[in-house]
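Student: Residue numbers (my numbering): 5 to 238. Sharing a structure here in structure tokens format.
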């Protein structure tokens with residue numbers, strides 16, 4: 005059964021820009037994606053095209069980030085940089101004539117069913133003759149629960165969180181931990197620990213080579229599997 009019901013509306017406002025006209029098109033990428041069995045997420049791809057004759061500097065501003073639960077999260081990715089909800093206005097970027105730029109907006113829903121989150125992004129061109137040229141509203145609704153319970157007990161949460169150089173995961177969240185898997189924002193596995201690495205009460209994970217953003221982890225035990233998230237900042 006498809007866990008998500010999606011509603012996507014795009015409200016586009018084009019302004020009179022003296023050096024260029026920016027056109028925004030919105031594409032919804034496929035079906036809901038499973039993040040390594042931890043939780044579903046939906047990725048929206050927003051394509052911006054400069055149809056003018058001069059480069060423009062633009063930025064994306066998050067004007068609404070209505071998360072119905074603490075386990076929900078959202079991230080804006082511009083190029084190789086991703087920003088969580090603590091950054092409402094990512095760094096500006098340059099869009100050359102006839103060039104397309106892709107902004108990826110990802111919503112993670114944790115373990116909450118029958119909930120709806122609303123997200124609005126505003127697109128603004130900086131400088132003389134610029135201004136707001138587009139706005140996109142996205143609504144994501146969950147329908148039923150995922151199968152892996154989320155770790156919520158305060159004594160079993162990762163620390164420090166947010167992490168800078170490393171994060172410690174309490175292995176006592178499950179009975180007889182057998183492995184720990186860590187996944188990045190795209191659902192790609194970035195770490196796997198097993199065997200003698202998970203025999204203690206905690207597992208220290210170095211995050212020095214992790215990009216800033218939200219990461220998911222899964223602790224597999226002899227009788228159960230539990231999941232959680234942590235954040236990496238710089």
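Just so you know, even glycine gets a beta-carbon here, dropped at the ideal spot from N, CA and C. Computed from a prediction, not measured in an experiment: that's the story for all the values here.
I want to check one thing, is the minimum distance from the CB of residue 54 to the heavy atoms of the ligand ATP below 8 Å?
Tutor: This structure lacks the ligand ATP; in fact it carries no ligand of any kind.
Student: According to DSSP, is residue 178 part of a helix, a strand, or is it coil?
Tutor: coil
Student: For residue 51, name the three-state secondary structure that DSSP assigns.
Tutor: strand
Student: Among 231, 124, 76, which residue has its Cα nearest to the Cα of residue 93?
Tutor: When each option's Cα is compared against that of residue 93, the closest is 124.
Student: Are the region 193–202 and the region 49–62 touching, with three or more C-beta to C-beta distances below 8 Å?
Tutor: Not touching, per the Cβ criterion.
Student: By DSSP, does residue 68 sit in helix, in strand, or in coil?
Tutor: strand
Student: Is the region 79–86 in contact with the region 99–108, if contact means three or more CB pairs nearer than 8 Å?
Tutor: yes
Student: Taking the alpha-carbon positions, what's the residue 233 to residue 129 distance?
Tutor: Near 34 Å, if we compare the C-alpha coordinates of residue 129 and residue 233.
Student: In terms of alpha-carbon separation, which member of 109, 165, 156 lies closest to residue 140?
Tutor: Comparing alpha carbon positions, the residue from 109, 165, 156 closest to residue 140 is 109.
Student: What does the alpha-carbon distance come out to for the pair residue 229 and residue 163?
Tutor: 20 Å
Student: Using CA atoms only, rank isn't needed, just tell me which of 74, 54, 65 is closest to residue 155.
Tutor: Selected option, being the one with the closest Cα: 74.
Student: Rounded to whole angstroms, what is the Cα-Cα separation between residue 218 and residue 188?
Tutor: 7 Å
Student: Compute the Euclidean distance between the alpha carbons of residue 6 and residue 143, then round it to the nearest angstrom.
Tutor: With a pLDDT of only 35 at residue 6, under 50, the local geometry of the prediction cannot be trusted, and no value is derived from it.
Student: Sort 68, 202, 111 by Cα distance to residue 180 and report the nearest one.
Tutor: Taking only the C-alpha atoms, the option nearest residue 180 is 202.
Student: Give me the Cα-Cα distance between residue 55 and residue 63, rounded to the nearest whole angstrom.
Tutor: Each residue's alpha carbon lies about 17 Å from the other.
Student: Whole angstroms are fine: how far does the CA of residue 60 sit from the CA of residue 96?
Tutor: 10 Å
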